[in-house]
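Everything on this sheet refers to the single structure shown next.
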Ligand code: 5AD
Ligand code: SF4
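Shown next, in the form of structure tokens:
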């Protein structure tokens with residue numbers, strides 16, 4: 336027996352990976368405890384997307400070592416493959432492992448803690464065939480495709496996670512069917528690029544993402560399907576029709592554009608133009624008029640001029656994104672753009688970020704008014720109580736943040752239940768209303 340704890344940084348994919356890591360360590364006698372420097376094994380699931388995160392993670396890992404000189408520390412995730420980071424963290428008993436080589440660490444740990452079962456078959460498991468130990472009882476994050484083949488000029492993912500690998504459709508469907516039977520209400524499919532899913536079934540037939548979505552939608556039960564992220568170049572009519580015809584799938588689509596300037600898009604190696612993007616949006620809206628769109632935009636990519644930024648801004652207004660993550664460009668070693676000068680000042684990046692934030696919030700404020708006086712269903716994520724007031728917090732199928740106020744006489748519902756809310760107030764960041772019932 337040994338204790339282990341996890342320190343997770345970054346995106347949802349890392350949290351999903353952590354649930355698989357947990358299951359694989361439990362298989363060899365590990366006992367999970369809340370994050371503590373006193374654990375026998377500490378796994379740091381790292382993120383390498385921006386410089387800020389990298390510095391925080393290096394400092395944090397060094398601190399863990401200072402607090403416990405005996406612990407085995409494993410650095411995994413999107414920084415672990417970098418030789419310069421391995422050198423900076425070169426203290427004893429630290430292992431560096433990209434997630435697709437996780438089974439090598441399991442073997443090492445088994446040798447240390449349970450030498451008698453070193454040759455246990457479980458050590459050989461391919462990482463994504465291990466069944467996760469889900470941390471939520473109502474929402475399950477499932478990686479369907481990992482890695483990336485696209486090599487966008489700013490992005491570390493293809494170097495950190497390697498080429499795209501799709502999980503088997505049968506494995507995913509069997510897992511999701513079990514989860515729904517257990518009462519899970521939201522299935523969240525993950526991938527750097529879910530639309531390029533190409534799972535092979537046992538008959539060696541290839542499944543695309545649309546086929547996988549339709550098969551999940553056909554599983555009996557009352558549940559929602561979400562997914563992240565989609566690459567505009569891989570969206571096709573078959574996928575759009577699938578969204579249109581499958582009622583369990585969220586009508587919210589996150590479609591990162593990264594820039595509205597054709598000059599910058601080409602430098603980014605995104606392989607579409609702003610005109611292509613408008614065309615995709617036109618096709619989606621023709622089939623699903625009430626689709627809710629969100630995006631990511633990088634501000635301050637090398638040589639991004641004011642005119643390039645204006646192209647991003649006009650695109651945001653024209654498409655009408657109801658949510659937008661404006662991210663300040665951060666140069667990343669290994670990537671193609673690392674060779675370009677990071678020549679847009681931090682001040683300009685911040686300014687552009689603020690302008691984009693104000694723009695999407697204005698759009699959302701206007702769009703959210705349509706929910707006024709409507710009764711909507713949310714999935715409860717949080718319950719808050721204060722003196723004589725209670726609220727629930729959750730999201731609806733459109734991914735809107737919703738607060739439901741509960742009267743004092745009403746029985747408090749539970750996290751993970753559905754709730755009906757009558758919307759009485761709307762704003763740019765979400766909706767607020769009266770709790771009606773839970774089920
Ligand atoms: N700097 C800033 N943001 C980045 N992203 C990816 N790489 C970088 C980088 N080098 C952003 C992209 C992507 C999101 C997940 O992170 O916008 O869509
Ligand atoms: Fe990074 Fe581009 Fe791959 Fe997304 S599609 S993970 S931005 S390389």
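Numbering (this note's numbering), first residue to last: 336 to 774.
Glycine residues also receive a C-beta, built at the ideal position from the N, C-alpha and C atoms.
Given the structure is predicted, the values throughout are model-derived calculations rather than measurements.
Do residue i and residue j have their C-beta atoms within less than 7 Å of each other?
i           : j           : result
residue 667 : residue 491 : yes
residue 413 : residue 364 : no
residue 473 : residue 751 : yes
residue 737 : residue 766 : yes
residue 347 : residue 476 : yes
residue 554 : residue 588 : no
residue 494 : residue 669 : yes
residue 358 : residue 467 : yes
residue 501 : residue 537 : no
residue 711 : residue 731 : yes
residue 770 : residue 753 : no
residue 662 : residue 633 : yes
residue 376 : residue 342 : no
residue 729 : residue 768 : no
residue 630 : residue 591 : yes
residue 707 : residue 520 : no
residue 409 : residue 428 : no
residue 522 : residue 355 : no
Examine the ligand SF4 and report whether any of its heavy atoms sits within less than 6 Å of the Cβ of residue i.
i           : result
residue 533 : no
residue 386 : no
residue 485 : yes
residue 634 : no
residue 349 : no
residue 528 : yes
residue 416 : no
residue 490 : yes
residue 493 : yes
residue 472 : no
Rounded to the nearest angstrom, what separates residue i and residue j at their Cα positions?
i           : j           : result
residue 457 : residue 497 : In this prediction, residue 457 has a pLDDT of 48, which is less than 50 and means its spatial position is unreliable; nothing more can be read from the coordinates.
residue 580 : residue 552 : 10 Å
residue 435 : residue 461 : 8 Å
residue 578 : residue 647 : 27 Å
residue 455 : residue 437 : In this prediction, residue 455 has a pLDDT of 49, which is less than 50 and means its spatial position is unreliable; nothing more can be read from the coordinates.
residue 353 : residue 445 : 18 Å
residue 635 : residue 674 : 15 Å
residue 612 : residue 622 : 16 Å
residue 345 : residue 393 : 14 Å
residue 411 : residue 487 : 22 Å
residue 762 : residue 705 : 11 Å
residue 671 : residue 484 : 14 Å
residue 618 : residue 576 : 10 Å
residue 463 : residue 696 : 38 Å
residue 524 : residue 504 : 12 Å
residue 397 : residue 447 : 23 Å
residue 571 : residue 620 : 13 Å
residue 610 : residue 388 : 34 Å
residue 433 : residue 417 : 10 Å
residue 431 : residue 420 : 9 Å
residue 440 : residue 391 : 24 Å
residue 756 : residue 624 : 24 Å
residue 540 : residue 424 : 44 Å
residue 564 : residue 743 : 40 Å
residue 637 : residue 686 : 16 Å
residue 339 : residue 395 : 17 Å
Taking 6 Å as the line, does the beta carbon of residue i fall inside it for any heavy atom of the ligand 5AD?
i           : result
residue 643 : no
residue 372 : no
residue 588 : no
residue 667 : yes
residue 664 : yes
residue 591 : yes
residue 631 : yes
Consider the C-beta atom of residue i and the heavy atoms of the ligand GDP; say whether any pair is separated by less than 6 Å.
i           : result
residue 597 : With respect to small molecules bound, the structure shown includes the ligand 5AD and the ligand SF4 and not the ligand GDP.
### Message
For the region 707–727 against the region 740–747, do three or more pairs of beta-carbon atoms, one drawn from each stretch, fall closer than 8 Å, so that the two count as touching?
### Response
Verdict: yes, contact present.
### Query
Should the region 522–534 be regarded as contacting the region 465–485, the criterion being three or more beta carbon pairs within less than 8 Å?
Yes: at least three Cβ pairs fall under 8 Å.
### Task
Give a yes or no on contact between the region 553–563 and the region 505–522, applying the rule of three or more CB pairs nearer than 8 Å.
Enough Cβ pairs lie closer than 8 Å, so yes.
### Message
Could you check whether the region 592–602 touches the region 646–658, counting it as contact only if at least three pairs of C-beta atoms, one from each stretch, sit closer than 8 Å?
### Response
In short, these stretches touch, since the Cβ pair count reaches three.
### Task
Could you say if the region 393–407 and the region 675–695 meet the contact criterion of at least three C-beta pairs nearer than 8 Å?
These segments do not touch.
### Task
Starting from the N-terminal side, write out each stretch of the beta strand (DSSP E) that is 3 residues or longer and does not extend beyond the region 521–566.
Listed in chain order, the complete beta strand (DSSP E) runs (minimum 3 residues) inside the region 521–566 are 521–526, 559–563.
### Complete runs of the alpha helix (DSSP H) confined to the region 670–704 [at least 4 residues]
If only complete runs of 4 or more residues are kept, the region 670–704 shows the alpha helix (DSSP H) at 681–703, in order along the chain.
### Task
Go through the region 414–496 residue by residue and report every complete run of the beta strand (DSSP E) that reaches 3 residues or more, in order.
Complete beta strand (DSSP E) runs here, min 3: 429–432, 474–481.
### Task
Entirely within the region 611–671 and at least 4 residues each: give me those alpha helix (DSSP H) ranges in chain order.
Segments of the alpha helix (DSSP H) lying fully in the region 611–671: 641–654.
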